[in-house]
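Structure below.
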C-alpha cells in the first residue's frame with residue numbers, strides 16, 4: 001500500500017510536470033495567435049515612388065521632392081484635387097495596410113483622404129491639425145484570406161482574426177499588388193499645403209500555422225458571443241458585468257434624458273411654426289429643405305436602422321467556433337435575457353425609445369421591429385422590399401405592391417408617427433434610365449393612391465460617389481426626383497461636402513445608410529468605411545452628420561445599424577463593428593457622446609448660413 005501511494009505520488013508529479021510543459025507550449029503557441037485590434041507594428045520600410053501625377057487643376061508640387069518627402073499644394077475649389085504616388089507593386093498579403101505621414105504646413109485644420117489602387121473602398125482619412133504631424137492609415141480589404149487554409153477554417157465570416165477583411169470584388173484590391181496611393185482633399189475652401197512622406201506598409205495580418213489553428217485555437221467565441229482572444233474597455237467577462245452595465249446605463253439615461261426644446265416627435269419647438277397637417281411632410285423654408293412634423297415644427301431626421309433583436313449567426317457545421325452556442329445562434333437575445341430576465345423583449349423594447357431620445361436620435365430607420373416602432377414614441381420609417389424579378393410593365397408585379405401597400409394602410413396611413421416609407425434598397429435590376437422612369441412612375445402613383453398621408457422616400461440608391469457618377473445614374477436620380485417625395489441614397493463615404501443633386505433638380509434627399517467601424521473592438525471587420533479606433537469613429541460620425549445638416553437638400557441621415565453584427569457573421573458573412581451597442585447590449589460611450597453632441601446642436605447647425 002505504501003509503495004502504491006508512492007508510485008501514485010510519482011504519477012501525480014509526472015502528470016503535473018507534463019501538464020505544465022503542455023501549458024507552456026500552448027502559451028508559446030499563443031504568441032502567434034491573433035494580435036487583434038489596430039496595431040501599426042511592424043512599420044515600414046519606406047516605399048520609393050516612381051512617379052507622381054496630379055488630378056484636377058488645383059494640385060501642384062513645390063518645390064521638387066526631397067528624399068521620400070514631397071511638398072504638395074492644393075488650391076481652393078470644388079471636386080477632389082489629388083496627388084497620386086505610383087510605385088513598384090508591393091505585396092501586402094501579410095500586412096494590415098499602407099500608411100503615410102502628413103505634415104499640415106498651413107494654419108487651418110484639414111481632412112486629408114487617401115485610397116489605394118484607385119479603389120474608393122480601400123480608403124482612409126486623417127484630421128491634420130495646423131502645423132502638426134499625423135499619420136494616414138489605409139486598411140486593406142481583400143477578395144480572399146491568406147493563406148488559403150483560413151478560408152475553410154473561418155467559413156461564413158467576412159472578417160477574421162489577424163485583421164483580414166473581405167468584401168465583394170468591386171470593393172477590394174489584390175493585396176499582393178499594391179502600386180498606387182492617392183492623397184486628396186474634398187472641396188477645399190482654402191489653399192492647403194502638405195508635406196507627404198514615409199509611405200510604407202504597416203501592421204501584420206499573418207496568422208498562426210495551420211497545425212496550431214486546427215489543434216488549439218477553437219473555441220474562439222465565448223459564451224457571450226465575443227472573440228476570446230481580444231480585450232477592450234468594457235468587455236464582458238461574467239453575467240454580473242452585463243447586469244452592472246444595466247445599472248450604469250440607468251444612471252446615464254437619468255442624467256441625459258433628451259435634448260431640450262423639442263416637441264413629442266422631436267421637432268424644433270423654438271423654431272418657426274409652419275402649417276400642421278397631422279402627418280410628416282416636406283417644405284422648403286428659407287432656402288433649405290425641411291421635414292415638418294405633424295405639429296408643424298421643423299424636423300430633421302437623425303435616425304438609426306435595424307432597431308431589432310433577432311440577428312443571429314449560424315451554429316450548425318461550425319460548432320467548434322463556440323465555447324457555449326446560443327439558442328438559434330442569437331447571442332444578443334441570450335445576453336438580453338441575462339440582463340433583463342424572462343421578459344427581456346418587452347423591457348428592451350421600452351428601453352430603446354429612452355435610449356434614442358437620450359442619444360439625440362429622433363427616427364427609427366428601415367428594417368426595424370414593428371413591435372418596437374408601433375409603441376409610437378419615436379417617429380419611424382418603413383421599408384417594402386422589391387422582388388429580384390421586377391418588371392415595371394407587369395400588372396402582376398404592381399399588383400403585388402398593391403397588396404403590400406393595402407395591408408400596411410390599416411396601421412400606417414393614419415399614424416402620425418410614421419414619417420414615410422422606402423420601396424426597395426440598392427436595386428440593381430437595370431441601368432437603363434427609361435426602366436427606372438417607369439418604375440418610379442408606377443410605384444409613385446400607387447403610393448399616392450393607397451398611402452396618401454405618408455411620404456414616398458424612394459429606393460435608397462447606392463450611388464456612393466454621387467454626383468461623380470455615370471450619366472445613367474444622374475438620369476435615374478432625375479427620374480426619382482420626379483415621382484418621390486424625397487430621393488433616398490445609401491452613401492457610405494467620409495463626408496457629404498461634395499454631395500448635390502443634378503442641376504435643375506430642387507428636391508429633398510435623405511441618407512438611408514452610413515456608418516464607420518474600427519478594429520479596436522469586437523467584431524472583426526470595419527465594413528465599408530474604416531477608422532482606426534473609436535476616437536476617430538466618433539469624430540467621423542460627428543463630421544458626416546454636420547456636413548449632412550449643412551447641405552440644403554438633405555433632410556435626414558440614418559446610421560446602419562443599432563447593434564454590432566455577430567462576431568462570426570450573420571447569414572451572409574457580415575460581422576461588422578457598426579453598432580451603437582455591442583452584442584452584450586452595452587453602448588459604445590464614444591459614439592453615444594458624439595451623438596448627444598449632434599442632437600443638442602441639430603437645429604442650430606441646420607440653420608447656419
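Residue numbers (my numbering): 1 to 609. Positions of the beta carbon are idealized from the N, C-alpha and C atoms, including for glycine. If you're wondering where the values come from, they're calculated on a predicted model, not measured in any experiment.
(1) Give me the Cβ distance between residue 422 and residue 457, rounded to the nearest whole Å; I'm assuming they're in contact under 8 Å.
(2) Give the DSSP-derived three-state secondary structure of residue 101 in the structure shown.
(3) If you pair each beta-carbon of the segment 378–387 with each one of the segment 416–430, do three or more pairs fall below 8 Å?
(4) Hey, quick one: how far does the alpha helix (DSSP H) through residue 397 stretch, first residue to last?
(5) In this structure, how does DSSP classify residue 262 when only helix, strand and coil are distinguished?
(6) Please give me, in chain order, every unbroken run of the alpha helix (DSSP H) with length at least 4 that falls completely inside the segment 512–550.
(7) Between which two residues does the alpha helix (DSSP H) harbouring residue 242 extend?
(8) Do the CB positions of residue 150 and residue 160 come within less than 9 Å of each other?
(9) Measure the Cβ-Cβ separation of residue 476 and residue 509 and say whether it is below 9 Å.
(10) Verify whether the separation of the beta carbon atoms of residue 123 and residue 109 is less than 9 Å.
(11) Tell me the rounded alpha-carbon separation between residue 356 and residue 374.
(12) In terms of alpha-carbon separation, which member of 243, 139, 326 lies closest to residue 585?
(13) Nearest-angstrom Cα distance between residue 152 and residue 572?
(14) Taking the C-alpha atoms as reference points, what is the distance between residue 599 and residue 579?
(15) Go through the segment 313–350 residue by residue and report every complete run of the beta strand (DSSP E) that reaches 3 residues or more, in order.
(16) Give the straight-line distance between the Cα atoms of residue 183 and residue 52, rounded to the nearest whole angstrom.
(17) Exposed or buried, which one is residue 205 when buried takes at least 16 other CB atoms within 10 Å?
(18) I'd like to know whether the C-beta atoms of residue 304 and residue 561 end up nearer to each other than 9 Å.
(19) Decide if the segment 64–75 is in contact with the segment 218–232; the criterion is three or more beta carbon pairs, one per stretch, under 8 Å apart.
(20) Mind checking which residues open and close the alpha helix (DSSP H) that includes residue 440?
(21) So, at 6 Å on beta carbons, what are the nonlocal neighbours of residue 440 in its own chain, with the 5 sequence-adjacent residues on each side left out?
(22) Flag this pair as yes or no: are the beta carbons of residue 319 and residue 325 separated by less than 9 Å?
(23) Report yes if the CB atom of residue 300 is closer than 9 Å to the CB atom of residue 501, and no otherwise.
(24) According to the Cβ coordinates, are residue 120 and residue 525 closer than 9 Å?
Taking the coordinates as given:
(1) 5 Å
(2) DSSP places residue 101 within a strand segment (E or B) once states are collapsed to three.
(3) yes
(4) 395–412
(5) strand
(6) 534–549
(7) 239–255
(8) yes
(9) no
(10) Cβ distance not < 9 Å, so residue 123 and residue 109 don't count as in contact.
(11) 15 Å
(12) 243
(13) If I take the Cα positions, the gap works out to 16 Å.
(14) 18 Å
(15) none
(16) 11 Å
(17) buried
(18) yes
(19) Counting C-beta pairs closer than 8 Å gives fewer than three between the segment 64–75 and the segment 218–232, which falls short of the contact rule.
(20) 433–450
(21) Here the set comprises 479, 480, 483.
(22) yes
(23) no
(24) Contact flag unset, no.
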